[in-house]
Structures are given as structure tokens and as C-alpha cells.
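Below: the structure, in C-alpha cells.
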Amino acid sequence: MRLTLPQLAMVVGLVSLTFFFSALVLAFGLRIGEQRDWQTFRTPDILWFGTAVLVASSALLEAARYSLRRALVSIYRLRIALAVLLAVIFLCIQAVTAANLWSQGVSASANPRGSAFYIFMGIHAAHLVVGMGWLGWLWLLSGKLKQTTEQGLRRQRRTVGAAAMFWHFMGALWLVLFFFLRRWTAA
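Sequential numbering from 5 applies to the sequence shown in our numbering.
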């Protein structure tokens, strides 16, 4: 498989994000492992639903790419919009989760387990917002695809390919973060 220039740039960016999040997981893992007497809490079950929503968003993005490869622009636009909508739902679930943790008395300042939860959810959410902006921009550009040439479709395919790499990485990253957050907070 030959990478396009936008995809190669994305790979370089994703490698740096991998190291960043790996360092965070390692730092929090070591800190939490040192102190067993810190408050544990129950991870809200709604995060399982949120995880399924994020996976569905990735599946919709792949379905959108499939539609674009077949020049089905209207279906492509709909699927991109639905992928963004599911991402918004995921972020709402994250907000509900944060409120649930707050109601359990879990604060970031008093508890490293809580701070790990808030930091990981916040940094991941910030990256998702960037991805949502990118997908929204692709949706806006796709409004012009009906009048474009094959070259315009190819350009959109390359760009959505790079965006999909980022989006799927964010989904996979959430699975890893969710695993560690559940492990560290087991009551």
C-alpha cells in the first residue's frame, strides 16, 4: 500500500501522539501503582455505550469512504454527517461521565485515579474535537463534489483517507485508555 502525502504526514503525527499518550499512561500507571490507599470509584457504565458509539462512528466513516470511492456523493455526505453526530453523542456521554464522577466525590486534585480519568478524557476529547472539525470541513467541501471532476473526487478521497487514519486512531486510543481507566479505578 502506497501512502499519499497527507497520509504520510498523518502517520508522523500519530506516532508522536502514540508516544505522548504512552508516556501519560506509564506515568499515571506508576503513580497509581505506588499508592494503594487512594480512593477507588466505580467507572460509570455509560462509558460502554459511549465506546460503542465511537466504534459506530468509525464504521460510518469507512462506509462514507466506500460511498466516495463509488462517487455516491449524497450518501457520502450523509455518512460523514452521521459520523460527526455520533462523535458529538460520544462527547456528551463523556460530559455525563464527568458529572457522574463528580457526584461520586471524585475530584482531580485529591485523587490521582480521578485526575487520570479527567486528564485522559479531556485530552482525548480535545483531539476528537479536532477530528470532528476536520470531518465537518470535509462535509462542507463535499457540497461542491457534485459539480467536480474525477480529479476533485480523488483529492477528496486522499484527504478523507488521512482524516480516517486520525479518526480510527482516536477510536483505538480510546479503547486503550478505557482499558487502563477501568483497571485503575476498579473498586
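Heads up, the beta-carbon is just placed ideally off N, CA and C, and yes, glycines get one too.
Next on the checklist: Using CA atoms only, rank isn't needed, just tell me which of A13, A85 and G118 is closest to I36.
Outcome noted: Counted from its first residue, the sequence shown places residue 36 at position 32. The shortest C-alpha separation from I36 is found at G118.
Checklist entry - Does DSSP put G156 in a helix, a strand or coil? => result In the sequence shown, the residue the question calls residue 156 occupies position 152. Here G156 sits in helix by DSSP.
Checklist entry - Can you tell me where the alpha helix (DSSP H) with S61 in it begins and where it stops? => result Along the sequence shown, one-based indexing puts residue 61 at 57. Per DSSP, the continuous alpha helix (DSSP H) segment holding S61 begins and ends at I50 to R73.
Next on the checklist: According to DSSP, simplified to helix, strand and coil, what is S111?
Outcome noted: Here the question's residue 111 lines up with position 107 in the sequence shown. Reduced to three states, the DSSP call for S111 is coil.
Checklist entry - How is K150 classed by DSSP in three states: helix, strand or coil? => result Looking up residue 150 in the sequence shown gives position 146. Looking at K150 - three-state DSSP - the assignment turns out to be helix.
Next on the checklist: Suppose the cutoff is 7 Å on Cβ atoms and the five residues either side in sequence are ignored; what does the same chain contact list for S71 look like?
Outcome noted: Here the question's residue 71 lines up with position 67 in the sequence shown. For S71, same chain residues with a beta-carbon under 7 Å away, outside a window of 5 residues either side, are I79, Y80 and R83 in chain order.
Checklist entry - If M169 and L132 are in contact, beta carbons under 8 Å, what's the gap, nearest whole angstrom? => result For the purposes of this step, residue 169 is taken as residue 165 along the sequence shown, with counting starting at 1. For the purposes of this step, residue 132 is taken as residue 128 along the sequence shown, with counting starting at 1. The Cβ separation is near 14 Å, so there is no contact.
Item to check | Which of helix, strand or coil DSSP assigns to R6 | outcome: Counted from its first residue, the sequence shown places residue 6 at position 2. DSSP places R6 outside both helix and strand once states are collapsed to three, so it counts as coil.
Next on the checklist: According to DSSP, simplified to helix, strand and coil, what is R117?
Outcome noted: Taking the first residue of the sequence shown as 1, we reach residue 117 at position 113. DSSP places R117 within a helical segment (H, G or I) once states are collapsed to three.
Item to check | contact_flag[the region 82-102, the region 54-63] where n(CB pairs < 8 Å) is 3 or more | outcome: Flag = yes, the region 82-102 and the region 54-63 touch.
Checklist entry - So, is L142 buried or exposed, given that buried needs 16 or more other C-beta atoms within 10 angstroms? => result On the sequence shown, position 138 is the one that residue 142 refers to. With 16 or more other CB atoms across the displayed protein chains lying within 10 angstroms of its CB, L142 is buried.
Checklist entry - How would you label V224, buried or exposed, when you count the other beta carbons within 10 angstroms and need 16 or more for buried? => result For residue 224 there is no data in the structure shown, the boundaries of the chain being 5 and 191.
Checklist entry - Of all the options M14, F23, L185 and T8, which has the alpha carbon lying nearest to the alpha carbon of L105? => result Looking up residue 105 in the sequence shown gives position 101. Considering only alpha carbons, the answer is L185.
Next on the checklist: On the CB-based measure, 16 or more other CB atoms within 10 Å of its CB, does S111 come out buried or exposed?
Outcome noted: Taking the first residue of the sequence shown as 1, we reach residue 111 at position 107. The residue in question, S111, is exposed, as its Cβ has fewer than 16 Cβ neighbours within 10 Å.
Checklist entry - Would you call G147 buried or exposed, if buried means 16 or more other Cβ atoms sit within 10 Å of its Cβ? => result Counting from one through the sequence shown, the residue named residue 147 turns up at place 143. Exposed is the call here.
Next on the checklist: Am I right that G165 and Q11 are in contact with their C-beta atoms under 8 Å? What's the rounded C-beta distance?
Outcome noted: Within the sequence shown, the letter at position 161 stands for residue 165. Within the sequence shown, the letter at position 7 stands for residue 11. So it is a contact: roughly 6 Å between Cβ atoms.
Checklist entry - A167 and L149 look like a contact to me (Cβ under 8 Å); what is the Cβ gap, rounded to whole Å? => result Position 163 of the sequence shown, counted from the first residue, corresponds to residue 167. Position 145 of the sequence shown, counted from the first residue, corresponds to residue 149. Not a contact, Cβ separation roughly 15 Å.
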